[in-house]
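See the structure below:
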């Protein structure tokens with residue numbers, strides 16, 4: 015299994031509070047991704063990173079920001095959480111050099127915004 | 237219209253039987269194709285990449301039809317442990333960004 019951890023694994027927070035989710039990898043992969051998964055939807059990309067300090071928006075980036083100051087860590091921040099951000103959040107990493115961009119996922123964080 | 241569409245199922249399959257299902261994708265420039273498996277409340281796990289000529293991995297066979305823009309997955313000799321949601325995934329750009337279908341649920345019954 016790919017060495018990816020996410021923290022926290024579960025979190026309940028109140029509307030309007032800031033929340034930061036952490037993804038940590040031990041694989042030294044260049045590419046990292048944040049997704050959210052909601053019933054009836056496939057995984058949807060929030061933000062991704064192609065290197066330290068290099069990030070870009072995905073299809074559902076509004077209300078989210080990211081930072082990557084080290085290869086191994088990719089942080090997702092909800093500046094002011096809303097109930098619509100209640101979801102399961104997955105981090106993924108991608109190998110370089112294979113040309114296929116297969117992604118490997120962390121165990122997920124279940125976030126509830128009340 | 238969603239970029240990747242799948243029949244949500246469930247496909248109820250007797251143990252030992254064969255089940256097959258498809259997904260369709262809308263972007264003709266899609267470059268890579270995958271099937272992922274996701275168990276309830278778990279992360280998606282890569283089942284197999286799908287190659288242009290079709291490929292097999294044990295009891296699993298994947299096919300790609302670029303002309304009609306669909307991908308198929310066939311599971312032979314179904315096991316109880318094959319019960320899961322199968323996600324069809326397509327890569328459409330050079331940054332490795334993936335488009336996910338919402339998944340097809342398979343339930344294998346004794």
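Protein chains in written order, with my numbering: chain A, 15 to 128; chain B, 237 to 346. Glycine included, every Cβ here is placed at the ideal spot set by N, Cα and C. Treat the numbers as computed from the prediction; the structure is a model and nothing was measured.
The C-beta of residue 282 of chain B comes closer than 8 angstroms to at least one C-beta of chain A. Following the DSSP letters along the chain, one finds residue 278 of chain B in no beta strand (DSSP E), marked with neither H nor E.
Residue contact with chain B for residue 65 of chain A: absent (no Cβ-Cβ distance below 8 angstroms to any residue of chain B).
Nearest to residue 78 of chain A by alpha-carbon distance, out of A:27, A:126, A:35 and A:123, is A:35.
Between residue 237 of chain B and chain A, the shortest Cβ-Cβ separation is not below 8 angstroms.
Contact with chain B is absent for residue 90 of chain A, since none of that chain's Cβ atoms lies less than 8 angstroms from the residue's Cβ. Exposed is the label assigned to residue 302 of chain B, since fewer than 16 other Cβ atoms lie within 10 Å of its Cβ. Comparing alpha-carbon positions, the option among A:43, A:20 and A:26 lying closest to residue 115 of chain A turns out to be A:43. By a beta-carbon distance limit of 8 angstroms, residue 123 of chain A contacts residue 23 of chain A. Their separation comes to about 6 angstroms. A distance below 6 angstroms between beta-carbons, with the five flanking residues on each side excluded, links residue 268 of chain B to the following residues of its chain, in chain order: 327. Under DSSP, residue 335 of chain B shares a beta bridge with B:326. In the DSSP assignment, residue 22 of chain A falls outside any beta strand (DSSP E), carrying neither H nor E. Contact between residue 340 of chain B and residue 247 of chain B holds, since their C-beta atoms are separated by about 7 angstroms, short of 8 angstroms.
The DSSP-derived three-state label of residue 318 of chain B is helix. Between residue 338 of chain B and residue 274 of chain B, the gap from beta carbon to beta carbon reaches 8 angstroms or more.
Shortest Cα-Cα distance from residue 98 of chain A to any of A:120, A:28 and A:82 involves A:28. Secondary structure of residue 97 of chain A (DSSP, three-state): helix. Distance check between residue 49 of chain A and each of A:75, A:41 and A:95 places A:75 closest, using alpha-carbon atoms only.
DSSP assignment within the region 50-77 of chain A yields the following whole beta strand (DSSP E) runs of 3 residues or more, N-terminal first: 58-65 and 68-71.
With fewer than 16 other Cβ atoms from the protein chains shown falling within 10 Å of its own Cβ, residue 26 of chain A counts as exposed.
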